[in-house]
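Colleague:
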Amino acid sequence: MRLPLMELNAQSAYIVVGTLLTCHVIYRFVVRRLQARTLPPKYWSWEFIKNFDYLFYTNINPRNWVKFQTNLGPTYRVSNIFNPMSSICTGDPENVHAMLAGRDWGNQFRLNGMGQMFEKGLLTVDGDEWMRSRKMVRPAFQRNNLDDFEVLSQMTEKMIAQIEKEKQVVDVGALLTDAFLNTSMHFILGLDPGKEDDGRPFSVSEFMKLWHEGIMGTGLRLILEHQHWMLPKKRFAIVCQKLHSFIDFAIAKARQNKDAQKSSKSMVYTILPHAASSADARAQLMHTLFANQDTTSTLISNVVQILSTRPAIWTQLRTEVLEQGSHLFTFDNLRNNKVIQNIILEALRHRVIATPIGRRAIRHTILPKGGGIDGQSPLHIPAGTTGLVNLWSLHSDPKVYGADADEFKPERWNHIKPGTNEFLPFGAGGRACLGQEKAVVETAFVLSKLSGRFESVQDMTGEWKPMGGMTIKNSSGYKVAFKSSVEMD
Ligand SMILES: *[C@@H]1O[C@H](CO)[C@@H](O)[C@H](O)[C@H]1NC(C)=O
Ligand SMILES: *[C@@H]1O[C@H](CO)[C@@H](O)[C@H](O)[C@H]1NC(C)=O
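Sequential numbering from 1 applies to the sequence shown in the working numbering.
(1) If you follow the alpha helix (DSSP H) that Q433 is in, where does it begin and where does it stop?
(2) Take the Cβ of K27 as the centre, count every other Cβ of all protein chains shown within 10 Å, and call the residue buried at 16 or more, exposed below.
(3) Rounded to a whole number of angstroms, what is the C-alpha to C-alpha distance between G375 and A36?
(4) So what does E44 bridge to, in DSSP terms?
(5) For the stretch 394-409 against the stretch 250-262, do three or more pairs of beta-carbon atoms, one drawn from each stretch, fall closer than 8 Å, so that the two count as touching?
(6) Using a Cβ-Cβ cutoff of less than 7 Å, which residues in the same chain neighbour M488 once the five nearest sequence positions on both sides are dropped?
(7) On the DSSP letters alone, give me the boundaries of the alpha helix (DSSP H) that S205 sits inside.
(8) So what's A383 in DSSP terms, helix, strand or just coil?
(9) Thinking just about the alpha-carbon of each residue, which of F426, E47, R363 and L20 is nearest to the one in I81?
(10) Pull up the DSSP beta-bridge partners for F482, would you.
(11) Report yes or no: do three or more beta-carbon pairs, one from the stretch 308-326 and one from the stretch 439-454, lie closer than 8 Å?
(12) Nearer than 7 Å: is that true of the beta carbon of W314 relative to any heavy atom of ligand 2?
(13) Are there three or more Cβ pairs, one per stretch, closer than 8 Å when the stretch 237-257 is compared with the stretch 114-122?
(14) Measuring CA to CA, which of R143, T124 and N59 is closest to D332?
(15) In chain order, what residues of the same chain have a beta carbon less than 7 Å from the beta carbon of M159, not counting five sequence neighbours either side?
(16) Who are A105's beta bridge partners in DSSP?
(17) Which runs of the alpha helix (DSSP H), 4 residues or longer, sit entirely within the stretch 264-340?
(18) Would you call the stretch 145-157 in contact with the stretch 437-446, where contact means no fewer than 3 C-beta pairs closer than 8 Å?
(19) Just how far apart, CA to CA, sit Q162 and T461?
(20) At what residues does the beta strand (DSSP E) containing S87 begin and finish?
(21) Please return the same chain residues whose Cβ sits closer than 6 Å to the Cβ of P41, not counting the five positions on each side in sequence.
(22) Nearest-angstrom Cα distance between I472 and N292?
(23) Mapping DSSP to helix, strand and coil, what is K473?
(24) Going straight from the alpha carbon of R255 to that of L123, what length do you get?
(25) Compute the minimum distance between the beta carbon of H469 and the heavy atoms of ligand 2, and state whether it is under 7 Å.
(26) Start and end of the alpha helix (DSSP H) containing N145?
(27) On a CA-only basis, which of R63, S264 and N112 is nearest D148? Give me that one, please.
(28) Would a C-beta distance cut-off of 8 Å place L189 and V268 closer than the cut-off?
(29) What would DSSP say about V500, mapped onto helix, strand or coil?
(30) Buried or exposed: which applies to A250, given that a residue is buried once 16 or more other Cβ atoms fall within 10 Å of its Cβ?
(31) Can you check whether the CB of A428 is closer than 8 Å to the CB of L100?
(32) Once you ignore the five residues that flank W44 on each side, which residues in its own chain have a CB closer than 7 Å to its CB?
(33) Please state whether the Cβ-Cβ distance between A347 and L299 is less than 8 Å.
(34) How many Å lie between L328 and M131 at the Cα?
(35) Under a three-way DSSP split, which group does M136 fall into?
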């Protein structure tokens with residue numbers, strides 16, 4: 001007689017547990033629906049671990065960032081079945097400011113993926129450790145260090161000679177990348193790129209090959225984060241170790257060179273007295289190489305390519321440069337020349353160079369906009385949410401830049417005055433790019449030399465297909481044809 005009773009008990013236990021579970025699921029569902037009502041619009045990501053589909057679309061074609069933002073609004077979330085807000089993307093000036101300048105958003109999450117190659121430096125740490133790195137790196141960017149155009153001038157002459165030799169179409173992007181690699185060997189590591197016999201472990205071109213391989217490996221690790229154990233390890237470890245050995249060589253050389261320690265402005269010399277160890281110095285130098293890589297060369301390539309379809313602006317620039325003569329080539333004159341600066345500002349606005357700046361919420365925090373039914377209320381952000389700043393949308397806001405914001409018009413800078421959070425080609429807050437003055441003045445220098453030398457530059461395709469990566473560049477380089485006045489006669 002006892003058995004049926006037990007069965008009944010077991011049965012009702014199942015029913016009770018089942019009912020409770022169902023209620024819980026319904027409750028969670030309803031709560032999430034209710035919460036979602038006040039969350040910003042969503043981009044639905046099918047791939048729920050890393051949102052690869054979203055990353056893929058936006059990296060293959062950065063214009064998708066603008067498209068998604070246009071369709072979804074200034075602040076939208078990336079949502080998947082497990083997390084209604086795994087990332088928050090924004091082009092709203094107030095939110096952008098909060099993310100870039102606020103203390104609730106950090107970079108330390110990158111250490112997991114970047115650490116093996118880059119170790120601890122500006123781009124992978126937060127708080128006091130970050131402050132320490134910044135203090136170490138900053139002196140190299142001081143004004144008196146930017147006045148000296150000797151290396152840049154040699155590099156530009158060499159490049160112009162190369163362009164003249166080739167006569168036909170040149171890929172100005174490839175030329176500039178190569179040239180700026182040379183100057184950063186000087187500026188950051190204190191090495192002469194052409195002096196292959198100074199005992200360096202391998203050549204600069206070998207370094208560059210390894211560097212690109214290392215960046216690929218680091219990129220994958222950065223995306224996979226905690227799951228990066230699934231990637232092959234052996235080759236990556238060799239690449240990192242070789243790259244480190246090259247930097248270590250530059251450091252050892254600097255430690256021995258007492259004369260240069262007094263006079264050299266290269267970063268390796270300005271860092272050494274403050275570094276805790278050689279490994280510490282190496283990390284800072286690796287970070288600077290990374291931040292320096294391709295940024296100035298992409299900016300100049302963009303300007304040249306844009307002007308290759310706008311002959312009137314090239315002529316205006318050339319006329320200005322020829323009028324000013326050699327007296328133009330000082331820091332102040334290049335920096336204060338209205339014609340040149342307008343062109344550079346407009347290029348920085350019109351073609352954003354930085355891939356979306358990613359941050360992660362260190363703690364629960366609030367963004368000023370994006371919450372509530374109308375998106376105008378503050379938005380609660382749980383710790384661990386990824387933040388993405390969309391500069392493309394920020395830089396094409398018609399309220400700030402005018403109804404023709406989509407066009408390239410340097411003269412707009414004669415009358416517009418974007419607020420501090422509305423024009424951010426170099427980021428904002430404490431993490432803003434340390435090299436911005438250097439990048440702008442070097443761009444002005446190279447552009448002035450090119451336009452002074454060449455009567456015109458011709459577009460060879462007219463197409464520009466942005467592709468993500470380290471910087472946003474044209475997917476197949478920058479082919480143009482320069483014509484000098486001699487050839488035109
Ligand atoms: C960069 O340095 C290498 C090695 O010295 C040299 O062959 C190359 O011509 C340089 N490129 C430029 C544009 O200066
Ligand atoms: C940009 O890349 C496209 C291919 O994606 C190519 O057809 C075009 O020639 C490139 N533009 C320039 C200016 O080189």
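All C-beta atoms, glycine included, are put in the ideal place defined by N, C-alpha and C.
Modeller: Quick look at the numbers:
(1) Reading the sequence shown from its first residue, position 433 is the one you call residue 433. The question names Gln, yet the displayed sequence has Cys at residue 433. Taken as a continuous stretch (DSSP letters only), C433 belongs to no alpha helix (DSSP H), as it is neither H nor E.
(2) Locating residue 27 in the sequence shown gives position 27, counting from the first residue. A small correction: the amino acid at residue 27 is Tyr; Lys does not occupy that position in the sequence shown. The residue is exposed, with fewer than 16 neighbouring Cβ atoms inside 10 Å.
(3) On the sequence shown, residue 375 is found 375 positions in, with the first residue counted as 1. On the sequence shown, residue 36 is found 36 positions in, with the first residue counted as 1. If you take the alpha carbons of G375 and A36, they lie about 12 Å apart.
(4) Position 44 of the sequence shown, counted from the start, is the residue given in the question as residue 44. It should be pointed out that residue 44 corresponds to Trp in this sequence rather than to Glu. W44 pairs with S79.
(5) Using a C-beta cut-off of 8 Å, the stretch 394-409 makes no contact with the stretch 250-262, since fewer than three inter-stretch Cβ pairs fall below that distance.
(6) On the sequence shown, residue 488 is found 488 positions in, with the first residue counted as 1. Confidence at M488 is low in this model, with a pLDDT of 47, below 50, so the placement of that residue should be treated as unreliable; the coordinate-derived value is given next. Excluding residues up to 5 positions away in sequence, E455 lie with their Cβ nearer than 7 Å to the Cβ of M488 in the same chain.
(7) Walking along the sequence shown from the start, residue 205 turns up at place 205. That run of the alpha helix (DSSP H) goes V204 to L224.
(8) For the purposes of this step, residue 383 is taken as residue 383 along the sequence shown, with counting starting at 1. A383 sits in coil when the DSSP states are folded into three classes, being neither helix nor strand.
(9) For the purposes of this step, residue 81 is taken as residue 81 along the sequence shown, with counting starting at 1. Minimum Cα distance to I81 is reached at E47.
(10) As a first step, residue 482 must be located in the sequence shown, where it is residue number 482. Answer is V457, bridged to F482.
(11) yes
(12) As a working note, residue 314 is residue 314 in the sequence shown. Between ligand 2 and W314, a heavy atom-to-CB distance of less than 7 Å is absent.
(13) yes
(14) By 1-based counting over the sequence shown, the position of residue 332 is 332. The candidate whose alpha carbon is nearest that of D332 is R143.
(15) On the sequence shown, residue 159 is found 159 positions in, with the first residue counted as 1. Closer than 7 Å at the Cβ level, and outside the excluded window around M159, lie L175 and A179.
(16) Counting from 1 along the sequence shown, the entry for residue 105 is found at position 105. Just to set this straight, residue 105 is Trp in the shown sequence, not Ala. DSSP lists A361 as partners of W105.
(17) Within the stretch 264-340, the complete alpha helix (DSSP H) runs of at least 4 residues are 267-271, 278-292, 295-307, 311-324 and 331-336.
(18) yes
(19) Residue 162 sits at position 162 when you count from the first residue of the sequence shown. Residue 461 sits at position 461 when you count from the first residue of the sequence shown. Straight-line Cα distance between these residues: approximately 21 Å.
(20) Here the question's residue 87 lines up with position 87 in the sequence shown. From DSSP, the beta strand (DSSP E) with S87 extends over S87 to T90.
(21) Position 41 of the sequence shown, counting from 1, holds the residue named residue 41. Cβ within range, chain order: L72, G73 and Y76.
(22) Mapped onto the sequence shown, residue 472 falls at position 472. Mapped onto the sequence shown, residue 292 falls at position 292. One C-alpha to the other measures close to 14 Å.
(23) The residue you call residue 473 lines up with position 473 of the sequence shown. Taken through DSSP and simplified to helix, strand or coil, K473 comes out as strand.
(24) Locating residue 255 in the sequence shown gives position 255, where the first residue counts as 1. Locating residue 123 in the sequence shown gives position 123, where the first residue counts as 1. Rounded to the nearest angstrom, the two C-alpha atoms are 25 Å apart.
(25) By 1-based counting over the sequence shown, the position of residue 469 is 469. The sequence given here has Gly at residue 469, not His. At a cut-off of 7 Å, the beta-carbon of G469 does not count as near ligand 2: no heavy atom of the ligand is closer than that.
(26) For the purposes of this step, residue 145 is identified with residue 145 of the sequence shown, where counting begins at 1. Where N145 is concerned, the enclosing alpha helix (DSSP H) stretches over R143 to L146.
(27) Counting from one through the sequence shown, the residue named residue 148 turns up at place 148. Nearest option by C-alpha distance: S264.
(28) Translated into the one-based positions of the sequence shown, residue 189 becomes position 189. Translated into the one-based positions of the sequence shown, residue 268 becomes position 268. Against a cut-off of 8 Å, the Cβ pair of V268 and L189 comes out as a contact.
(29) Past the boundaries of the shown model lies residue 500; the chain is included only from 1 to 489, so the question cannot be answered.
(30) Translated into positions along the sequence shown, residue 250 becomes position 250. Buried is the call here.
(31) Position 100 of the sequence shown, counted from the start, is the residue given in the question as residue 100. Position 428 of the sequence shown, counted from the start, is the residue given in the question as residue 428. Closer than 8 Å, so yes.
(32) Taking the first residue of the sequence shown as 1, we reach residue 44 at position 44. Closer than 7 Å at the Cβ level, and outside the excluded window around W44, lie S79.
(33) On the sequence shown, position 347 is the one that residue 347 refers to. On the sequence shown, position 299 is the one that residue 299 refers to. Against a cut-off of 8 Å, the Cβ pair of L299 and A347 comes out as a contact.
(34) Taking the sequence shown and counting its residues from 1, the one referred to as residue 328 is at position 328. Taking the sequence shown and counting its residues from 1, the one referred to as residue 131 is at position 131. C-alpha separation (whole angstroms): 36 Å.
(35) If you number the sequence shown from 1, residue 136 lands on position 136. Of the three classes helix, strand and coil, the one that applies to M136 here is helix, per DSSP.
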